[in-house]
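Numbering (the working numbering), first residue to last: 1 to 364.
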Ligand code: SAH
Ligand code: SF4
């Protein structure tokens, strides 16, 4: 197979071609891979056939392969994609009112171990390469015939993994996705969601091309967050909020805080008031997500009335939205990505984790 062209910058492609090729060849290949989204070397017909053949000996385009596709009744599509080493990763496409959000993974599994998240049960298998991150977007755009340059497409890193624990690859992928000569998704239409890896937030803030920042808050006190998100032991909530206050927002940018509501755990009016106090000095909006349930997750989803009441409290201080669950019936919703598989027409009830034996998970 060899290295994949997807994930390479122009200079990387030039290096693969070697010094004997004219400089414009690398640009032709770059354009074919990222702009025209040609799925195989044979399809790059604007370069000589001999070169195509020679290239095929050392490299491939490197799109992920479709293992399985799941279609939700609400229009959400979940792809289970196979990587070159046979590992599988998930990408979700959510169409809504003519707009599309592509939700990509940045790691296979996740090491962060949030107590309400199904991905956490996998542990971390490995980081995705730059090419595997970009490849998910190219795959989804090809399959759905989407034009990434259109203002109607957004990308969020809310699939499997903690993007700030794979930051170099995520940043290189962001540059490739944002390049107007390539894929052409504006950095304003990309959002990176993190559990709060404080030093990496600072590093992200220094990157010239970077997605918008969303922080998964999920708790209203230091202690509560430690219970729900053990990462808080290492990166305290107070330090996380300090990093958010110091974060260099661009003029068009606001921070987003995500908050998963767990019935009877972090969903009271008192929690909402504490959240408002925590975020008081920040230019931000808040997205509420009622827990998406899953096997092995022992928390419960609050009633819609509770979610609404929580939102009402926060609305006095910030724009606050309730995120509609998408693709619940196909295990595509937030926190549900664990490579559930089953017949292509199986509902949630028919889906089982690919690996056997899900240990029941107790609220900490
Ligand atoms: N690791 C990153 C991005 C992937 S998780 C992060 O944690 O931010 C994407 C979002 O899904 C996060 O906001 C997370 O808090 C939320 N989430 C995790 N498990 C969930 C669940 N079971 N129900 C609803 N949202 C969940
Ligand atoms: Fe990892 Fe995000 Fe899930 Fe936490 S919520 S375990 S950081 S994917």
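For each residue, glycine too, the CB sits at the ideal point set by N, CA and C.
With a cutoff of 8 angstroms, residue 336 counts as near the ligand SAH, since its C-beta is closer than that to a heavy atom of the ligand.
Scanning its chain for C-beta atoms nearer than 7 angstroms, with the 5 sequence neighbours on each side dropped, one finds around residue 273 the residues 313, in chain order. DSSP lists 288 as the beta-bridge partner residues of residue 322. Distance from the C-beta of residue 90 to the nearest heavy atom of the ligand SAH is not below 8 angstroms. Residue state for residue 160 is assigned as coil, using DSSP reduced to three classes. Each of 168, 262, 284, 32 was checked against the Cα of residue 251, and the nearest Cα belongs to 284. Assignment of alpha helix (DSSP H) within the segment 122-193, counting only whole runs of 4 or more residues, yields 130-144, 167-178 in chain order. For residue 90, the enclosing beta strand (DSSP E) has its first and last residue at 88-96.
Judged by beta-carbon spacing, residue 287 lies beyond the 9 angstroms limit of residue 305, meaning their Cβ atoms are not closer than that value.
For the ligand SF4, the residues with a Cβ under 5 angstroms from any of its heavy atoms are, in chain order, 110, 112, 114, 117, 119, 120, 162, 195.
Taking a C-beta distance under 9 angstroms as the contact criterion, residue 146 and residue 102 qualify as a contact pair. Annotation: the continuous beta strand (DSSP E) that includes residue 67 extends over 65-71. The ligand SAH never approaches residue 211 closely enough for any of its heavy atoms to be under 8 angstroms from the residue's Cβ. Annotation for residue 292 indicates a beta carbon within 8 angstroms of some heavy atom of the ligand SAH. Note on geometry: alpha-carbon atoms of residue 123 and residue 296 lie some 14 angstroms from one another.
Taking residue 332 as reference, the option from 118, 35, 41 with the minimal CA-CA separation is 118. Looking from the CA of residue 187, the closest CA among 28, 114, 120, 176 belongs to 176.
Here the distance from the Cβ of residue 157 to the nearest heavy atom of the ligand SAH is below 8 angstroms.
Scanning 54, 143, 268 for the CA closest to the CA of residue 65 turns up 143. In its chain, beyond the 5 residues on either side, 138, 142 have a beta carbon closer than 6 angstroms to the beta carbon of residue 37. In the three-state reduction of the DSSP assignment, residue 108 falls in the strand class, which pools E and B.
For the ligand SAH, a non-hydrogen atom lies closer than 8 angstroms to the CB of residue 260.
Cα atoms of residue 32 and residue 170: separation of roughly 22 angstroms, rounded to the nearest angstrom. If you draw a 10 Å sphere on the C-beta of residue 57, you find fewer than 16 other C-beta atoms in it, and that means exposed.
In the pairwise beta carbon analysis, the segment 262-272 is classified as not touching the segment 229-241: fewer than three pairs are separated by under 8 angstroms. No Cβ-Cβ contact shorter than 9 angstroms links residue 192 with residue 217.
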